[in-house]
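Using this note's numbering, you'd call the opening residue of the sequence shown number 18 and step up by one each time. We put the CB at the ideal spot given by N, CA and C, even for glycine. A quick note: this is a predicted structure, and the numbers were derived from the prediction, not measured.
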Amino acid sequence: IAKIRTHHLQQAKAHGERFAMLTAYEQYTAEIFDQAGIEVLLVGDSASNNVFGNETSLPVTVDELLPLCRAVARSAKRALVVADLPFGSYEVSPQQAVATGVRFLKEGLAHAVKIEGGKFYAETVRAMVQAGIPVMAHIGFTPQSEHSLGGYRVQGRGDDAQRLIDDAVALAEAGAFSVLMEMVPAETAAAVDAAVTVPTIGIGAGNVTTGQVLVWQDMAGLRGGKMAKFVKQYADLRATLSDAAKAYGDDVRSGHFPGPEHSF
Ligand code: KIV
Ligand code: NA
18 IAKIRTHHLQ
28 QAKAHGERFA
38 MLTAYEQYTA
48 EIFDQAGIEV
58 LLVGDSASNN
68 VFGNETSLPV
78 TVDELLPLCR
88 AVARSAKRAL
98 VVADLPFGSY
108 EVSPQQAVAT
118 GVRFLKEGLA
128 HAVKIEGGKF
138 YAETVRAMVQ
148 AGIPVMAHIG
158 FTPQSEHSLG
168 GYRVQGRGDD
178 AQRLIDDAVA
188 LAEAGAFSVL
198 MEMVPAETAA
208 AVDAAVTVPT
218 IGIGAGNVTT
228 GQVLVWQDMA
238 GLRGGKMAKF
248 VKQYADLRAT
258 LSDAAKAYGD
268 DVRSGHFPGP
278 EHSF
């Protein structure tokens with residue numbers, strides 16, 4: 018099977034086709050999603066609040082994400098593996114971003130990295146691309162900036178749409194191979210998509226972007242609690258696993274497991 022490369026995603030946009038992206042943080046989900054044909058796997062800093070038990074994406078570190086990234090990259094045979102640069106690992110300077118990006122490609126075996134932020138980061142993107150690190154830009158609602166954005170809020174409404182268009186154009190011109198938009202009105206996302214030739218990817222950004230992304234535990238119903246409006250659940254893994262654990266516990270306590278067929 019031919020590996021998905023960044024130029025395949027560019028072709029998808031040029032040909033009016035679409036692609037799918039999911040987060041993955043370890044071996045089995047990476048294998049399953051890869052074999053299911055998901056084109057892009059994101060080792061998101063969402064591991065912070067979906068793997069490591071934090072409340073937000075802010076606390077996760079490079080040293081925590083690297084081994085997850087390595088596991089996903091080893092397990093996926095076809096998908097493009099993109100790693101998030103966590104909060105604090107790229108903002109200081111283009112040099113810091115290049116150094117962290119190199120670690121994700123060298124130690125994490127990632128194929129590309131993603132950074133959050135608008136046109137201010139164009140110079141950073143240019144330096145990373147120059148160093149051989151493909152960069153996906155993430156604009157709109159950027160969870161690492163939750164505290165400066167005043168919580169989870171839709172970005173790019175009304176007159177604010179032009180800001181996102183300017184961000185996307187600057188980042189694409191700097192060499193970003195795609196632009197991801199989070200929590201942006203569908204109309205704004207369409208305008209952003211029309212303004213750049215690189216593929217756009219949406220999460221809560223309507224239905225005109227070339228790609229869509231979801232956190233896998235949301236997509237498959239593993240996480241409990243309230244889901245964001247942009248999530249569609251395609252399974253109820255939380256109930257399935259809970260039922261399995263209860264049945265196993267009951268069988269152990271009642272002496273029904275292990276049976277003779279499980280014994281030596
Ligand atoms: O970390 C993440 O999971 C993400 C996507 C949801 C876009 O950045
Ligand atoms: Na992220």
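{"Asked": "Alpha helix (DSSP H) runs contained entirely in the region 170 to 242, provided each spans 4 or more residues", "Found": "178 to 190, 203 to 212, 233 to 236"}
{"Asked": "Rounded C-alpha distance that separates residue 248 from residue 82", "Found": "24 angstroms"}
{"Asked": "8 angstroms Cβ cutoff met for residue 126 and residue 95", "Found": "no"}
{"Asked": "Nearest to residue 40 (by Cα), restricted to the options 131, 105, 109, 122", "Found": "131"}
{"Asked": "Those residues, in chain order, that have a beta-carbon closer than 5 angstroms to some heavy atom of ligand 2", "Found": "61, 62, 101"}
{"Asked": "Backbone CA spacing between residue 239 and residue 200 [nearest angstrom]", "Found": "22 angstroms"}
{"Asked": "Contact check, residue 237 vs residue 221, beta carbons under 8 angstroms", "Found": "no"}
{"Asked": "Heavy atom of ligand 1 within 7 angstroms of residue 74 beta-carbon", "Found": "yes"}
{"Asked": "Reduced DSSP secondary structure (H/G/I, E/B, other) of residue 266", "Found": "helix"}
{"Asked": "8 angstroms Cβ cutoff met for residue 193 and residue 215", "Found": "yes"}
{"Asked": "Neighbourhood of residue 336 by C-beta, 7 angstroms cutoff - its chain only, sequence neighbours within 5 removed", "Found": "Lying outside 18 to 281, the shown extent of the chain, residue 336 is not represented and no answer is given."}
{"Asked": "For residue 223 and residue 212, believed in contact at Cβ under 8 angstroms, the rounded distance", "Found": "Not confirmed; about 15 angstroms, so no contact."}
{"Asked": "Residues near residue 183 in its chain [Cβ-Cβ closer than 7 angstroms; skip 5 each side]", "Found": "136"}
{"Asked": "Rounded separation between residue 230 and residue 38 - CA only", "Found": "5 angstroms"}
{"Asked": "Residue 47 to residue 219 span [Cα, whole Å]", "Found": "21 angstroms"}
{"Asked": "Per-residue DSSP class, three states only, for residue 159", "Found": "coil"}
{"Asked": "Separation of residue 176 from residue 44, as counted between CA atoms", "Found": "44 angstroms"}
{"Asked": "Reduced DSSP secondary structure (H/G/I, E/B, other) of residue 29", "Found": "helix"}
{"Asked": "Which listed residue (23, 147, 174, 60) has its alpha carbon closest to that of residue 91", "Found": "60"}
{"Asked": "DSSP three-state assignment for residue 55, whether helix, strand or coil", "Found": "coil"}
{"Asked": "Residue 96 - DSSP class collapsed to helix/strand/coil", "Found": "coil"}
{"Asked": "Residue 123, DSSP secondary structure in three states", "Found": "helix"}
{"Asked": "Residue interval of the beta strand (DSSP E) (run including residue 129)", "Found": "129 to 133"}
{"Asked": "Continuous beta strand (DSSP E) stretch holding residue 145: start and end", "Found": "Counting along the chain, residue 145 falls outside any beta strand (DSSP E), though it belongs to the alpha helix (DSSP H) covering 139 to 147."}
{"Asked": "Where residue 36 sits in the DSSP three-state scheme", "Found": "strand"}
{"Asked": "Residue 97: CB within 7 angstroms of a non-hydrogen atom of ligand 1", "Found": "no"}
{"Asked": "Residue(s) in a DSSP beta bridge with residue 101", "Found": "131"}
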